[in-house]
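Going down the list, the protein sequences come from chains A and B.
For the first sequence, the numbering used here assigns the number 1 to the initial residue and increments by one for each residue that follows.
For the second sequence, the numbering used here assigns the number 394 to the initial residue and increments by one for each residue that follows.
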Amino acid sequence: MLTKEEIDARLEELKDRLPESILKELREELHKVKLTEEALESIIDEVLKRYEYAKVEPGEAVGVVAAQSMGEPSTQMTMRTFHYAGVAELNVTLGLPRIIEIVDARKKPSTPMMTIYLEEEYARDREKAEQVAREIETLYLEDLLEKSEIDIVHQRVNLYLDEYEMRRRKVEMEEVLKKLGSVKGVSVEAEDNVVSVVPEKTATIKELRKLENRLKGIHLRGIKDIRRVVLRREGDEYVIYTEGSNLKDVLRIEGVDITRTKTNDITEIQRVLGIEAGRNAIINEILDTLNEQGLQVDVRHLMLVADMMAVDGTIKAIGRHGVSGEKASVLARAAFEITVDHLLHAAVAGEYEELEGIVENVIVGRPVKLGTGMVELVMRRELEEAKEAREAE
Amino acid sequence: MCKGVVDVRRVVDISKHELVPKHEVMSEEEAKELLERLNITKGQLPKILKSDPMVQKIKAKPGDIIKITRKSPTAGTTIYYRVVVNE
Numbered sequence: 001m002l003t004k005e006e007i008d009a010r011l012e013e014l015k016d017r018l019p020e021s022i023l024k025e026l027r028e029e030l031h032k033v034k035l036t037e038e039a040l041e042s043i044i045d046e047v048l049k050r051y052e053y054a055k056v057e058p059g060e061a062v063g064v065v066a067a068q069s070m071g072e073p074s075t076q077m078t079m080r081t082f083h084y085a086g087v088a089e090l091n092v093t094l095g096l097p098r099i100i101e102i103v104d105a106r107k108k109p110s111t112p113m114m115t116i117y118l119e120e121e122y123a124r125d126r127e128k129a130e131q132v133a134r135e136i137e138t139l140y141l142e143d144l145l146e147k148s149e150i151d152i153v154h155q156r157v158n159l160y161l162d163e164y165e166m167r168r169r170k171v172e173m174e175e176v177l178k179k180l181g182s183v184k185g186v187s188v189e190a191e192d193n194v195v196s197v198v199p200e201k202t203a204t205i206k207e208l209r210k211l212e213n214r215l216k217g218i219h220l221r222g223i224k225d226i227r228r229v230v231l232r233r234e235g236d237e238y239v240i241y242t243e244g245s246n247l248k249d250v251l252r253i254e255g256v257d258i259t260r261t262k263t264n265d266i267t268e269i270q271r272v273l274g275i276e277a278g279r280n281a282i283i284n285e286i287l288d289t290l291n292e293q294g295l296q297v298d299v300r301h302l303m304l305v306a307d308m309m310a311v312d313g314t315i316k317a318i319g320r321h322g323v324s325g326e327k328a329s330v331l332a333r334a335a336f337e338i339t340v341d342h343l344l345h346a347a348v349a350g351e352y353e354e355l356e357g358i359v360e361n362v363i364v365g366r367p368v369k370l371g372t373g374m375v376e377l378v379m380r381r382e383l384e385e386a387k388e389a390r391e392a393e
Numbered sequence: 394m395c396k397g398v399v400d401v402r403r404v405v406d407i408s409k410h411e412l413v414p415k416h417e418v419m420s421e422e423e424a425k426e427l428l429e430r431l432n433i434t435k436g437q438l439p440k441i442l443k444s445d446p447m448v449q450k451i452k453a454k455p456g457d458i459i460k461i462t463r464k465s466p467t468a469g470t471t472i473y474y475r476v477v478v479n480e
């Protein structure tokens with residue numbers, strides 16, 4: 001009987017021939033049984049054989065298979081789905097529109113959203129989690145106003161602050177006054193919850209209106225682009241969901257878990273965390289969208305799509321502006337979309353057609369370099385000549 | 394006037410994020426060995442921009458090959474290579 005150590009030592013030798021996950025599973029299974037050396041060898045042989053069988057053959061059209069594997073389930077998706085992530089009106093584009101959005105590599109998703117996880121100490125404590133949430137949500141002066149009015153006679157703009165909102169958002173009067181104090185060319189008077197802003201020079205109605213709008217737009221606190229936050233309890237921790245996305249600034253906030261916090265804006269992930277993170281985000285987002293609709297697609301297909309989209313170091317779209325539009329062959333591009341434009345441009349630029357790819361060979365009616373068609377025979381002439389010479393003798 | 398408050402709160406180490414795999418710059422010999430083993434030129438490798446946050450972090454230069462150890466749902470871990478390019 002072999003000991004566990006002996007089995008491990010034998011498996012270690014297979015490190016270059018089998019992937020980690022299979023080795024791990026194999027090790028776990030082998031530890032459960034008693035084995036002789038021959039038994040172990042025959043198991044390993046069988047595993048290696050099965051693994052080699054399972055590999056994709058050279059020349060297999062993996063792209064087409066991936067396209068079909070993603071395309072077929074997509075037809076079963078609901079055309080327009082909006083999902084309410086958690087509590088209250090936080091809606092997120094899902095379903096087919098979301099898939100299209102990802103694959104087209106849109107610069108901004110139609111509903112940007114962040115999931116912000118908190119560090120241990122903040123995630124357990126509602127008070128602290130709320131404090132982080134307040135720090136993140138943008139707050140403009142307008143959000144605190146009950147109403148505002150222009151007083152032409154006294155040459156001023158009166159801002160009526162809503163006490164309830166002030167209390168709810170934990171904003172002090174001083175904070176507002178301090179912000180207003182930094183506005184140039186005006187003086188500020190406060191009385192109870194009414195703040196009057198008086199221009200130093202005599203102003204026309206038009207100028208007062210302009211001033212009123214400018215005051216309303218004063219940014220009090222929070223992170224740009226994050227419009228709403230929703231705090232939600234998940235298991236034993238609090239998680240913040242936001243409408244709007246700004247990964248870079250959110251990660252800088254004290255208490256935010258930088259390892260798990262994510263956004264559904266893939267180009268933003270690429271910008272902030274790099275292309276590899278962007279690639280992973282594409283896989284996760286497509287997979288989540290499909291799974292949410294109850295569709296199962298093998299990740300391998302999605303990995304291929306994500307890898308294609310990320311080869312160049314930036315996220316590029318599948319389709320005529322991205323992957324397909326950058327094919328080397330004129331005929332392949334013309335066969336896809338905007339045929340005439342491609343042919344015309346190719347003629348003007350004097351492009352060559354190498355007839356290396358699949359589509360172009362289908363068009364001209366030659367065997368395609370795919371599967372068994374990929375193999376070419378090479379004859380070693382000197383051997384053949386020697387053979388002929390021998391036969392002649 | 395309504396610029397956000399720019400406060401330098403904390404430096405974020407992006408390599409700690411779960412979406413970011415391990416990036417390493419390969420030495421000259423390793424890079425040469427790799428290209429020979431795969432029988433390809435540098436230009437045939439997938440690319441990564443010089444301005445990529447992870448490239449900046451590990452201070453790689455254009456022309457360097459970066460070894461990326463990805464976590465794979467199917468194979469456990471896989472190794473991927475990218476060459477650093479100017480925009």
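By construction, the Cβ of each residue, glycine as well, lies at the ideal position given by its N, Cα and C atoms.
- Distance from the CA of A:LEU344 to the CA of A:ARG333, rounded to the nearest whole angstrom, comes to 12 Å.
- Scanning chain B for C-beta atoms nearer than 7 Å to the C-beta of A:LEU251 yields VAL405, reported in chain order.
- Out of A:LEU23, A:VAL323, A:GLY63, the CA that lies nearest to the CA of B:THR470 is found in A:LEU23.
- Excluding the 5 residues flanking it on each side, A:HIS301 has same chain C-beta neighbours closer than 8 Å at VAL65, ALA66, SER69, MET70, in chain order.
- Residue pairing by DSSP places B:LYS435 opposite no residue, since no beta bridge is assigned to it.
- When Cβ-Cβ separations below 8 Å define contact, B:ILE461 makes contact with chain A.
- For the region 448-472 of chain B, the set of positions with a beta-carbon nearer than 7 Å to some beta-carbon of chain A reads ILE461, PRO466, THR467, ALA468, GLY469, THR470 in chain order.
- Residue pairing by DSSP places B:PRO414 opposite no residue, since no beta bridge is assigned to it.
- A direct Cα-to-Cα measurement between A:ARG126 and A:TYR238 gives close to 7 Å.
- A:PHE336 and B:PRO455 have their C-alpha atoms roughly 34 Å apart.
- Close CB contacts of A:LYS224 within its chain, under the 8 Å cut and outside five residues either way in sequence, are with THR138, ASN246, ASP249 (chain order).
- By the Cβ-count criterion, A:LYS262 is buried, with 16 or more other Cβ atoms from all chains shown falling within 10 Å of its own Cβ.
- For the region 413-434 of chain B, the beta-carbon criterion of a distance under 9 Å to any beta-carbon of chain A is satisfied by VAL413, PRO414, HIS416.
- When the alpha-carbon of A:THR372 is set against those of A:LYS128, A:ASP341, A:GLU292, A:GLU57, the nearest one is in A:GLU57.
- With respect to the C-alpha of A:GLU37, the residue from A:VAL195, A:THR3, A:SER21, A:ASP16 having the closest C-alpha is A:THR3.
- Residue pairing from DSSP places B:ILE458 in a beta bridge opposite B:VAL476.
- Taking the beta carbon of A:SER21 as reference, the chain B residues within 9 Å of it are SER465, PRO466, THR467, ALA468, GLY469, THR470, listed in sequence order.
- Closest in C-alpha terms to A:ARG124, from the list A:ILE266, A:GLY235, A:VAL194, A:GLU351, comes A:GLY235.
- Per the DSSP secondary-structure output, A:LEU118 pairs in a beta bridge with A:VAL256.
- The DSSP-derived three-state label of A:GLU237 is strand.
- Taken atom to atom, the span from the alpha-carbon of A:ARG366 to that of A:LEU355 is near 9 Å.
- For the pair A:THR93 and A:THR75, the CB atoms are not nearer than the 8 Å cut-off.
- Rounded to the nearest whole angstrom, the CA to CA distance from B:THR467 to A:ALA349 is 45 Å.
- Cβ atoms of A:TYR160 and A:GLU146 come within 8 Å of each other, at about 4 Å.
- When C-beta distances to chain B are compared with 8 Å, the residues of the region 314-326 of chain A below that value are THR314, in chain order.
- In the pairwise beta carbon analysis, the region 253-269 of chain A is classified as not touching the region 420-436 of chain B: fewer than three pairs are separated by under 8 Å.
- Taking 8 Å as the CB threshold, A:ARG260 lines the interface with chain B.
- Annotated as proximal: A:ILE240 and A:ALA133, with beta-carbon spacing under 8 Å.
- Residue pairing for A:VAL197: DSSP places it in a beta bridge opposite A:VAL157, A:VAL188.
- At a cut-off of 8 Å between beta-carbon atoms, A:ALA277 makes contact with chain B.
- Non-local beta-carbon contacts of A:ALA346 in its own chain, meaning distances under 7 Å to residues more than five positions away in sequence, involve VAL330 in chain order.
- For A:GLU6, the uninterrupted alpha helix (DSSP H) segment begins and ends at 4-12.
- Annotated as distal: A:ALA129 and A:LEU370, with beta-carbon spacing of 8 Å or more.
- With respect to B:LYS464, A:ILE258 sits apart: the two C-beta atoms are not nearer than 8 Å.
- Judged by DSSP in its simplified three-state form, A:ASP151 adopts strand.
- Distance between A:LEU30 and B:ALA424, taken at the CA atoms: about 37 Å.
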